[in-house]
Amino acid sequence: MEPLIQLTDVRKSFGGQEVLKGVNLSVYEGKTTVIIGESGKGKSLILKHILGLVKPDSGKVQVFGQDLNKIGRKALKEIRSHFGVLFQNAALFDSMTVFDNVALPLRERTKFSEREIEKSVNEKLTLMDIEGSNEKYPAQLSGGMRKRVGLARALVLNPRIVFFDEPTTGLDVAKSNEIYRVFHRTQTKLGYTAVIVSHDVPKIFKLADYVALIHDGIVQESLTPEDFQTSDNPVIRDFVEKTMGLIYESEQVEG
Amino acid sequence: MTILKLLDNVGSLGLYYVNQIGRMGIFLVLVCINIVKPPYYKISYVTKQIYLVGSLSIFVIVFTGIFTGMVLGLQGYNTLSKFGSMGFLGSAVALSLIRELGPVLTALMVTGRAGSAICAEIGIMRNSEQIDALECMAIDPHNYIMAPKFIAAIVSMPLLTAIFDVVGIFGGYLVGVVLLGANEGAFFHSMYADVDYSDISMGFIKALCFGLLVVWICSAKGYFVHMERKGGFGAEGVSRATTNAVVLSSVAVLVFDYFITAVLI
Chain Z
6 MEPLIQLTDV
16 RKSFGGQEVL
26 KGVNLSVYEG
36 KTTVIIGESG
46 KGKSLILKHI
56 LGLVKPDSGK
66 VQVFGQDLNK
76 IGRKALKEIR
86 SHFGVLFQNA
96 ALFDSMTVFD
106 NVALPLRERT
116 KFSEREIEKS
126 VNEKLTLMDI
136 EGSNEKYPAQ
146 LSGGMRKRVG
156 LARALVLNPR
166 IVFFDEPTTG
176 LDVAKSNEIY
186 RVFHRTQTKL
196 GYTAVIVSHD
206 VPKIFKLADY
216 VALIHDGIVQ
226 ESLTPEDFQT
236 SDNPVIRDFV
246 EKTMGLIYES
256 EQVEG
Chain D
472 MTILKLLDNV
482 GSLGLYYVNQ
492 IGRMGIFLVL
502 VCINIVKPPY
512 YKISYVTKQI
522 YLVGSLSIFV
532 IVFTGIFTGM
542 VLGLQGYNTL
552 SKFGSMGFLG
562 SAVALSLIRE
572 LGPVLTALMV
582 TGRAGSAICA
592 EIGIMRNSEQ
602 IDALECMAID
612 PHNYIMAPKF
622 IAAIVSMPLL
632 TAIFDVVGIF
642 GGYLVGVVLL
652 GANEGAFFHS
662 MYADVDYSDI
672 SMGFIKALCF
682 GLLVVWICSA
692 KGYFVHMERK
702 GGFGAEGVSR
712 ATTNAVVLSS
722 VAVLVFDYFI
732 TAVLI
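Protein sequences appear in the order of chains Z and D.
Counted the way the numbering used here counts, the first sequence spans residues 6 to 260.
Counted the way the numbering used here counts, the second sequence spans residues 472 to 736.
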């Protein structure tokens, strides 16, 4: 199967510090790929490369078979028209209401009438379980609601690929689970390809088709959650032990 | 070692400014292209920006305009009376305002009131990933955010300058004629005789250029806040970029005023 997104030997430095040291990653259509790793190791940076917000120092970032470094602004815009993005802090427009935030892509990118826009927006807000918040401003919403509005905005044009940058950061366990349920429900209904950057291990394994661990500036391996947890790769094994292992010094103490 | 470090610092500073000039130039070109080519921004976005940049600046323009005219009337009357030329007070006040003070002071006022707001707004949008979000939605920020602001500034500035000029002349009349007793007929006749079309067009061209200059510098400083040399993140980064934008715009207005005058005079 041809990958929708392919990163080949992507390198990126900031001020002499090499953050990405040759990242290779493939994302397949209809699948959920989760990028995990410790904080500050370049997970979100990989996402920004795929979105075309950051250019690599060397290497190739191909989306739909096109190298993002070799295409113009118009072609990049066309590629992005198939994207939906849920940013870490939702990146809602704080001077607009919830309705206007979700309606923005429809108003700017389609020729829908206000009536059609209203119908689409309400449909997505219902899917997110936040109907009735149309006239509220982002500052009046809780963290979980902001994320759901961000996801409604990301999905309003029915994109082919949806990116999630740490979708549950800053949320409590109940709210995190809500976001995961909304994600599962919308993906089942809309059938989009998902790329999730997260450090919510092991919960995120439930949603993943592939798990890619970034460590020391490279993607160690991209494996199914089952293979990932039983991998012989010492870096992955170490990560699994650290994140899923015992909190106390022995199983006996832990009970 | 110290000399090498000094050279290194000077070099990196030079590179930073060359880089900044380059990206601001590209930014200006992209916004200008987006103003003239489809997809067009909605008229409602432009009128909203005209309200924010133009209408909300009227009070401060009227206030500063009237006092500028009054001080011109006072100074002009005292100076001209030494030579017995009080009859020229009207043309002195009008020419000073129309050719120089009107466009320059209006630009400085708009920089302080609207330019700083534009820079802070765009800077916050950049730092809270709202601009990234627009790009990822395939909405060009040069078209959606910048083009309406540029059009608003270019439309508003000549109108605000015209208001400044008229109110300033009234201020000069108030002090020169009403308070100090200069001849009313001579005041208006000298203005009628000495102010011609070229003076008004010079003021108009200056207002247009300053409008573009102020909105360009303030927008670009906000848009590239994350690339500021001393760090552009967080509230402090935005406040630093806003200060830089106001200082740079004010200096640029005064510098360009000289060059535009030199070309048009």
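Positions of the beta carbon are idealized from the N, C-alpha and C atoms, including for glycine.
Practice prompt. Quick one: list the residues of chain Z neighbouring S669 (chain D), beta-carbon separation under 7 Å, in chain order.
Written response: Result: empty, since nearest Cβ-Cβ is about 42 Å, beyond 7 Å.
Worksheet item: Just how far apart, CA to CA, sit I532 (chain D) and A578 (chain D)?
Response: Distance between the alpha carbons of I532 (chain D) and A578 (chain D) is about 10 Å.
Worksheet item: Anyone know if the C-beta pair for I219 (chain Z) and G45 (chain Z) falls short of 8 Å?
Response: Cβ distance not < 8 Å, so I219 (chain Z) and G45 (chain Z) don't count as in contact.
Worksheet item: What residues in the segment 590-609 of chain D have a beta carbon less than 7 Å from any beta carbon of chain Z?
Response: Listed by position, the residues of the segment 590-609 of chain D near chain Z (Cβ gap below 7 Å) are S599, E600, Q601, D603, A604, E606, C607, M608 and A609.
Discussion item. Short of 6 Å in beta carbon distance, which residues of its chain neighbour V103 (chain Z), apart from the five on each side in sequence? Order them along the chain.
Written reply: Closer than 6 Å at Cβ, skipping near neighbours: S138, N139, K141 and V154.
Discussion item. Give me the residue from D:V638, D:L605, D:D728 and D:C689 with the minimum Cα distance to T714 (chain D).
Written reply: Closest by alpha carbon: D:C689.
Fill in: Residues of the segment 675-702 of chain D with Cβ closer than 8 Å to any Cβ of chain Z, in chain order
So the list is empty, because no residue satisfies the distance condition.
Worksheet item: Can you round the beta-carbon distance between L576 (chain D) and A563 (chain D) to whole angstroms, since I take them to be within the 8 Å contact cut?
Response: Wrong, their Cβ atoms sit about 17 Å apart, outside the cutoff.
Practice prompt. Throw me the rounded Cβ distance for the I589 (chain D) and K553 (chain D) pair, which I believe falls under 8 Å.
Written response: The Cβ separation is near 45 Å, so there is no contact.
Worksheet entry | Per-residue contacts from Y615 (chain D) into chain Z (C-beta, under 8 Å) | When 8 Å is used as the limit between beta carbons, Y615 (chain D) is near these residues of chain Z: E113, in chain order.
Worksheet entry | In DSSP terms, what K26 (chain Z) is bridged to | Answer is Z:R16, bridged to K26 (chain Z).
Worksheet entry | Within chain B, the residues that V90 (chain Z) reaches when beta carbons sit closer than 9 Å | Absent here is chain B; the protein component of the structure consists of chains Z and D.
Practice prompt. Determine the DSSP secondary structure at T37 (chain Z), reduced to helix, strand or coil.
Written response: If DSSP states are grouped into helix, strand and coil, T37 (chain Z) belongs with the strands.
Worksheet entry | Closest Cα partner of R158 (chain Z) within the set Z:G89, Z:F188, Z:D243 and Z:D237 | R158 (chain Z) has its Cα closest to that of Z:G89, out of Z:G89, Z:F188, Z:D243 and Z:D237.
Worksheet item: In chain D, which residues lie less than 8 Å from N94 (chain Z) when you measure between Cβ atoms?
Response: Per Cβ cutoff of 8 Å: S599 and E600.
Discussion item. Only counting the same chain, and skipping five residues up and downstream in sequence, which positions put a Cβ closer than 8 Å to that of S227 (chain Z)?
Written reply: Cβ neighbours of S227 (chain Z) beyond the five flanking positions: L30, S31, T38, Y215, V216 and A217.
Worksheet item: For L111 (chain Z) versus F117 (chain Z), is the C-beta distance shorter than 8 Å?
Response: In contact: L111 (chain Z) and F117 (chain Z) (Cβ atoms closer than 8 Å).
Practice prompt. If I'm right that K677 (chain D) touches I731 (chain D) with Cβ under 8 Å, what's the distance once you round it to whole angstroms?
Written response: With 8 Å as the limit, K677 (chain D) and I731 (chain D) qualify as a contact, their Cβ atoms being about 5 Å apart.
Fill in: Close-in-space but distant-in-sequence residues of the same chain around N163 (chain Z) (CB under 7 Å, 5 per side omitted)
Around N163 (chain Z): L195.
Worksheet item: Quick one: Cα of Y488 (chain D) to Cα of H697 (chain D), how far?
Response: C-alpha separation (whole angstroms): 15 Å.
Discussion item. Using a 10 Å radius around the Cβ and a threshold of 16 neighbouring Cβ atoms, would you call G35 (chain Z) buried or exposed?
Written reply: By the Cβ neighbour-count rule, G35 (chain Z) is exposed, with fewer than 16 other Cβ atoms within 10 Å of its own.
Item to complete: Could you tell me which of D:N654, D:L684, D:A618 and D:I640 sits nearest to I514 (chain D), measuring between CA atoms?
Response: Looking at the Cα atoms, D:A618 is the closest of the given residues.
Worksheet item: Of the residues that make up the segment 106-138 of chain Z, which ones have a beta carbon closer than 9 Å to any beta carbon in chain D?
Response: Flagged, chain order: L109, P110, R112, E113 and R114.
Discussion item. How far does the beta strand (DSSP E) with G21 (chain Z) in it extend, from its first residue to its last?
Written reply: Where G21 (chain Z) is concerned, there is no enclosing beta strand (DSSP E), given that its DSSP letter is neither H nor E.
Worksheet entry | Close-in-space but distant-in-sequence residues of the same chain around I122 (chain Z) (CB under 6 Å, 5 per side omitted) | The residues A108 and L111, in chain order, have a CB closer than 6 Å to that of I122 (chain Z) in the same chain once the five nearest residues on each side in sequence are set aside.
Practice prompt. Check whether the Cβ of F19 (chain Z) lies closer than 8 Å to any Cβ atom in chain D.
Written response: By this cut-off, F19 (chain Z) is not an interface position.
Item to complete: Closer than 8 Å by beta-carbon distance: list the chain D residues that pair up with S86 (chain Z), in chain order.
Response: Residues of chain D passing the Cβ test: A609.
Practice prompt. Kindly identify the DSSP beta-bridge partner or partners of S672 (chain D).
Written response: Checking the DSSP bridge columns, you'll see S672 (chain D) has no partner listed.
Worksheet item: Between which two residues does the beta strand (DSSP E) containing Y615 (chain D) stretch?
Response: Looking at the DSSP string, Y615 (chain D) is not in any beta strand (DSSP E), and its letter there is neither H nor E.
Fill in: Whole alpha helix (DSSP H) elements within the segment 523-607 of chain D, 4-residue minimum
Here the runs fully enclosed are 529-553, 560-566, 573-581, 587-598 and 601-607.
Item to complete: Kindly indicate which residue of D:P574, D:Y694, D:G703 and D:V726 has the alpha-carbon position closest to the one of R494 (chain D).
Response: Closest by C-alpha distance to R494 (chain D), out of D:P574, D:Y694, D:G703 and D:V726, is D:Y694.
Discussion item. For A712 (chain D) and A591 (chain D), I'd like the C-alpha separation in whole angstroms.
Written reply: Taking the straight line from one Cα to the other gives about 8 Å.
Worksheet item: For E655 (chain D), does the count of other Cβ atoms within 10 angstroms reach 16, so buried, or fall short, so exposed?
Response: Exposed, since its Cβ has fewer than 16 Cβ neighbours within 10 Å.
Fill in: Per-residue burial, Y663 (chain D) [other beta carbons within 10 Å of its own, 16 or more giving buried]
Flag for Y663 (chain D) reads exposed.
Discussion item. Please list the terminal residues of the continuous beta strand (DSSP E) segment that includes F88 (chain Z).
Written reply: Looking at the DSSP string, the run of the beta strand (DSSP E) that includes F88 (chain Z) is F88 to L91.
Item to complete: Quick one: residues in its chain with C-beta nearer than 6 Å to the C-beta of P612 (chain D), no 5 flanking neighbours on either side, listed in chain order?
Response: The residues are I602 and L605.
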